[in-house]
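Working notes for the structure below.
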Amino acid sequence: MSTDSPRLHPDIPEDAAVPRVPTWYVDRTAARERFGEAVDSFGPFLMRGDPPADELVAVLNELRPAQANRMLQQALDEGIASVRRPPRAFVQFFRQVDEIPLWLDWDKLDRGGRAILRTGPLGAVVLACYSLPLSYASPDGSKPLTASGRLVQRASRRLTETARFLVETCRPGGLRRGAAGFKITIRVRLMHAQVRRLLLQRKSWPYERWGLPVNQAYMAGTNVLFSSVLIEGLSKLGYEVPQAERDDIVQLWRYGGLLSGVDSKICAATEAEGLRLIRLIHAVMDPPDDDSRALVKALMEAPLELAKNPAQKAVAQRLVDLLYGLSRHLVGEDLANALAYPRTSWRHVTPLLRGMNMMMNSVERRVPESRDALYRFGLEAWERVIENGLAGIPAAFDFRKATVGDGGPTHAP
Numbered sequence: 332m333s334t335d336s337p338r339l340h341p342d343i344p345e346d347a348a349v350p351r352v353p354t355w356y357v358d359r360t361a362a363r364e365r366f367g368e369a370v371d372s373f374g375p376f377l378m379r380g381d382p383p384a385d386e387l388v389a390v391l392n393e394l395r396p397a398q399a400n401r402m403l404q405q406a407l408d409e410g411i412a413s414v415r416r417p418p419r420a421f422v423q424f425f426r427q428v429d430e431i432p433l434w435l436d437w438d439k440l441d442r443g444g445r446a447i448l449r450t451g452p453l454g455a456v457v458l459a460c461y462s463l464p465l466s467y468a469s470p471d472g473s474k475p476l477t478a479s480g481r482l483v484q485r486a487s488r489r490l491t492e493t494a495r496f497l498v499e500t501c502r503p504g505g506l507r508r509g510a511a512g513f514k515i516t517i518r519v520r521l522m523h524a525q526v527r528r529l530l531l532q533r534k535s536w537p538y539e540r541w542g543l544p545v546n547q548a549y550m551a552g553t554n555v556l557f558s559s560v561l562i563e564g565l566s567k568l569g570y571e572v573p574q575a576e577r578d579d580i581v582q583l584w585r586y587g588g589l590l591s592g593v594d595s596k597i598c599a600a601t602e603a604e605g606l607r608l609i610r611l612i613h614a615v616m617d618p619p620d621d622d623s624r625a626l627v628k629a630l631m632e633a634p635l636e637l638a639k640n641p642a643q644k645a646v647a648q649r650l651v652d653l654l655y656g657l658s659r660h661l662v663g664e665d666l667a668n669a670l671a672y673p674r675t676s677w678r679h680v681t682p683l684l685r686g687m688n689m690m691m692n693s694v695e696r697r698v699p700e701s702r703d704a705l706y707r708f709g710l711e712a713w714e715r716v717i718e719n720g721l722a723g724i725p726a727a728f729d730f731r732k733a734t735v736g737d738g739g740p741t742h743a744p
């Protein structure tokens with residue numbers, strides 16, 4: 332143990348003895364042979380949160396709810412300069428948020444967003460069957476989500492909120508100051524900070540063992556699930572994103588990651604960096620545990636949660652079997668078995684799907700105008716999924732709704 336590290340979090344005493352890395356992060360010999368010194372550089376990020384957001388949430392919780400909501404909404408809508416006598420934590424947080432990196436190119440971000448939305452239902456399938464299972468497979472990374480059984484039971488709602496977050500991020504100008512994607516990103520960041528706060532206040536979160544809840548390492552890993560990992564998953568299903576647009580997608584989520592509080596030192600700047608990061612995470616993490624399996628099961632079987640009658644349940648079960656089959660192809664046999672995937676005959680549909688997507692690629696190359704039609708179709712498809720999933724209850728992304736029961740958070744993004 333060492334006490335010379337920076338303070339982890341406002342709810343951890345300054346004089347607390349904390350390890351440089353979680354206690355599970357030892358004897359990573361095989362990973363070190365593959366990734367070298369990056370293994371040693373990565374470990375400390377498991378013990379780091381998001382200080383500007385953590386400090387702001389601590390202040391917001393001290394204010395009256397109406398006052399806190401009014402100040403936060405005004406800062407999001409009009410900027411921190413419009414807020415009368417804001418607390419220091421407000422100023423520091425929004426000063427960081429309002430910094431525009433020199434490399435930012437808004438046209439690239441718009442092209443990246445259009446490229447993702449153009450994938451429509453296929454993109455949604457890849458996120459559900461590849462990106463998210465890779466995230467949930469991490470035992471310690473999934474603990475903030477599985478600390479409450481009710482989270483597992485609300486998988487369809489959480490998926491829909493994730494879709495809303497993605498669509499608003501990907502709209503033209505979605506991450507510009509004051510746009511819906513920008514506001515949702517900031518609100519999700521504060522929800523993460525609230526989850527950290529509530530878990531640590533419970534004194535039952537073993538940060539020495541698991542690391543800080545919703546830490547930098549897994550914030551960065553989650554971020555690349557929407558860029559490098561999404562691109563790779565599409566390719567596995569026969570859909571090739573043009574090279575120029577691949578970088579556009581990465582830059583969109585690189586900026587989104589910074590707005591989300593990801594440290595620039597671990598926020599992937601290229602597609603290769605994103606893939607290396609996710610593979611490093613899987614090389615150092617322990618095998619999936621029962622919490623990982625429960626979370627992935629809830630994800631895959633979310634269609635059953637929405638079925639209202641026997642006929643709908645029968646259709647939903649076939650869809651679930653299809654999702655399991657596609658996910659087994661995407662994540663690979665070893666991880667699928669570790670996550671206790673059932674074997675379904677639907678895995679044999681993958682070659683047909685690959686062929687259809689390759690034909691789509693060919694049409695896009697020969698008829699460039701088709702991209703506009705595919706973009707409109709894709710956006711409409713995403714919106715239909717969101718409308719059905721929300722069932723008339725808007726996605727609020729309110730950090731105050733992140734509450735903790737005896738087992739842990741009952742709501743988290």
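Residue numbers (this note's numbering): 332 to 744.
Quick reminder that beta carbons are idealized off the backbone N, C-alpha and C, glycines included.
Whole-angstrom distance between residue j and residue i, CA atom to CA atom
i, j, result
"residue 686", "residue 457", "16 Å"
"residue 581", "residue 641", "43 Å"
"residue 728", "residue 537", "27 Å"
"residue 480", "residue 664", "Confidence at residue 480 is low in this model, with a pLDDT of 48, below 50, so its placement is unreliable and the value that follows should be read with caution. About 27 Å."
"residue 546", "residue 349", "15 Å"
"residue 659", "residue 671", "10 Å"
"residue 441", "residue 706", "12 Å"
"residue 598", "residue 434", "14 Å"
"residue 505", "residue 513", "6 Å"
"residue 531", "residue 544", "8 Å"
"residue 381", "residue 509", "22 Å"
"residue 651", "residue 622", "20 Å"
"residue 522", "residue 733", "7 Å"
"residue 450", "residue 698", "16 Å"
"residue 347", "residue 656", "47 Å"
"residue 407", "residue 549", "26 Å"
"residue 589", "residue 396", "27 Å"
"residue 676", "residue 452", "21 Å"
"residue 413", "residue 525", "25 Å"
"residue 557", "residue 488", "19 Å"
"residue 401", "residue 410", "13 Å"
"residue 684", "residue 567", "10 Å"
"residue 620", "residue 703", "44 Å"
With 16 other Cβ atoms within 10 Å as the buried cut-off, status of residue i
i, result
"residue 718", "exposed"
"residue 668", "exposed"
"residue 689", "exposed"
"residue 618", "exposed"
"residue 682", "exposed"
"residue 430", "exposed"
"residue 404", "exposed"
"residue 553", "buried"
"residue 393", "exposed"
"residue 473", "buried"
"residue 492", "buried"
"residue 574", "exposed"
"residue 367", "exposed"
"residue 359", "buried"
"residue 443", "buried"
"residue 816", "Because the chain here runs from 332 to 744, residue 816 falls outside it and cannot be looked at."
"residue 673", "exposed"
For residue i, the nearest candidate out of the options (CA to CA)
i, options, result
"residue 726", "572, 664, 516 and 654", "516"
"residue 570", "403, 590 and 695", "695"
"residue 720", "403, 490, 661 and 409", "490"
"residue 438", "360, 583, 342 and 346", "583"
"residue 561", "529, 518 and 606", "606"
"residue 730", "410, 359 and 399", "399"
"residue 500", "428, 566, 586 and 416", "586"
"residue 344", "710, 391, 507 and 534", "534"
"residue 551", "600, 518 and 529", "600"
"residue 428", "454, 518 and 608", "518"
Beta-carbon proximity check, residue i vs residue j, cutoff 9 Å
i, j, result
"residue 340", "residue 527", "yes"
"residue 520", "residue 511", "no"
"residue 446", "residue 572", "yes"
"residue 486", "residue 626", "yes"
"residue 459", "residue 654", "yes"
"residue 471", "residue 691", "no"
"residue 564", "residue 377", "no"
"residue 723", "residue 448", "no"
"residue 555", "residue 608", "yes"
Check whether the stretch 576-590 and the stretch 412-424 are in contact - that is, three or more C-beta pairs closer than 8 Å.
no
Decide yes or no for the touch test of the stretch 380-387 against the stretch 424-441: beta carbon pairs closer than 8 Å, at least 3 of them. yes
_Does the stretch 462-474 come into contact with the stretch 622-638, if we say contact requires no fewer than three beta-carbon pairs (one atom in each stretch) closer than 8 Å?_
As far as the Cβ criterion goes, the stretch 462-474 touches the stretch 622-638, which means the pair count is three or higher.
Note to self: Does the stretch 344-361 come into contact with the stretch 534-549, if we say contact requires no fewer than three beta-carbon pairs (one atom in each stretch) closer than 8 Å?
What the structure shows: yes
ask   = Is it a yes or a no for the stretch 635-652 touching the stretch 495-512, going by three-plus beta-carbon pairs under 8 Å?
value = Result no; under three Cβ-Cβ pairs closer than 8 Å.
Stretch-stretch touch, CB-based, cutoff 8 Å, three pairs: the stretch 600-612 with the stretch 366-384:
Between the stretch 600-612 and the stretch 366-384 there are three or more C-beta pairs closer than 8 Å, enough to call the two in contact.
Mind the definition here: the stretch 699-714 touches the stretch 590-605 only if three or more C-beta pairs lie below 8 Å; say whether that holds. no
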